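Per this note's numbering, residue 17 is the first one in the sequence shown, and the count goes up by one each step. We treat Cβ as the ideally placed atom computed from N, Cα and C, and that holds for glycine. Because the structure is a prediction, the values reported are computed rather than measured.
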Amino acid sequence: ARWWTDPAVMTPVLRRNGIRMTPDELDRWFRLWCADTGGSRGHYMVFDEHDKPIGEINYHDLDAAHRRAWLEFKIGETRLWGKGYAGDAVHTFCKYMFETLGIKELAIEIASTNERALAFWQKMGFVSYARGADSVNMRLRAETFRDRMPGSFFRKK
Numbered sequence: 017a018r019w020w021t022d023p024a025v026m027t028p029v030l031r032r033n034g035i036r037m038t039p040d041e042l043d044r045w046f047r048l049w050c051a052d053t054g055g056s057r058g059h060y061m062v063f064d065e066h067d068k069p070i071g072e073i074n075y076h077d078l079d080a081a082h083r084r085a086w087l088e089f090k091i092g093e094t095r096l097w098g099k100g101y102a103g104d105a106v107h108t109f110c111k112y113m114f115e116t117l118g119i120k121e122l123a124i125e126i127a128s129t130n131e132r133a134l135a136f137w138q139k140m141g142f143v144s145y146a147r148g149a150d151s152v153n154m155r156l157r158a159e160t161f162r163d164r165m166p167g168s169f170f171r172k173k
């Protein structure tokens, strides 16, 4: 609950004031959100090398017919921003989504003023495809990921 109510953590993910819920409300909402959804969404924790939770990554709105999904990601421990955890977590997650679940495209919505996040997602291979008043939608296609990742078993032979 601490990360979700911290504006420093939530502003970059388009929740300027954090999530306004009591801890009990947040717990109930989170349990419902994580309940079995038939695969339309999934939630995963990000751990450091000491097995301490430091962030979270999830997919939602999975379009099974087109093999597309939206992702959300945050490193909740702000003291660890810029330490390489984000790149490792996102790479591992994308590899899982593309190679294990067979997703063809992942999309993410970024605050248009968050230059650091925009640069990060571009570095990870995501490209901008739509712009809103306050946000930029970016996507990564499986073939782009495959072509950028030498040694991946998903890579074309």
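Contacts around residue i, its chain only, beta-carbon distance under 8 Å, and the 5 residues preceding and following it disregarded
i: residue 146; result: 152, 153
i: residue 159; result: none
Host alpha helix (DSSP H) of residue i (start-end)
i: residue 117; result: Counting along the chain, residue 117 falls outside any alpha helix (DSSP H), and DSSP gives it neither H nor E.
i: residue 135; result: 131 to 139
i: residue 103; result: 101 to 111
Residues near residue i by beta carbon distance below 7 Å, same chain, minus five either side
i: residue 137; result: 124, 126, 154
i: residue 143; result: 154, 155
i: residue 97; result: 91
For residue j and residue i, believed in contact at Cβ under 8 Å, the rounded distance
i: residue 148; j: residue 161; result: Wrong, their Cβ atoms sit about 25 Å apart, outside the cutoff.
i: residue 113; j: residue 85; result: 7 Å
Exposure label - residue i; buried when at least 16 CB within 10 Å
i: residue 63; result: exposed
i: residue 139; result: exposed
i: residue 135; result: exposed
i: residue 71; result: buried
i: residue 105; result: buried
i: residue 41; result: exposed
Terminal residues of the beta strand (DSSP E) in which residue i lies
i: residue 63; result: 58 to 63
i: residue 89; result: 84 to 91
i: residue 162; result: Residue 162 -> not in any beta strand (DSSP E); alpha helix (DSSP H) instead, spanning 158 to 164.
i: residue 147; result: 143 to 147
In DSSP terms, what residue i is bridged to
i: residue 76; result: 86
i: residue 123; result: 86, 155
i: residue 98; result: None; residue 98 has no bridge partner.
i: residue 71; result: 62, 91
Close Cβ partners of residue i (< 6 Å) along its chain, the five nearest in sequence each way excluded
i: residue 77; result: 86
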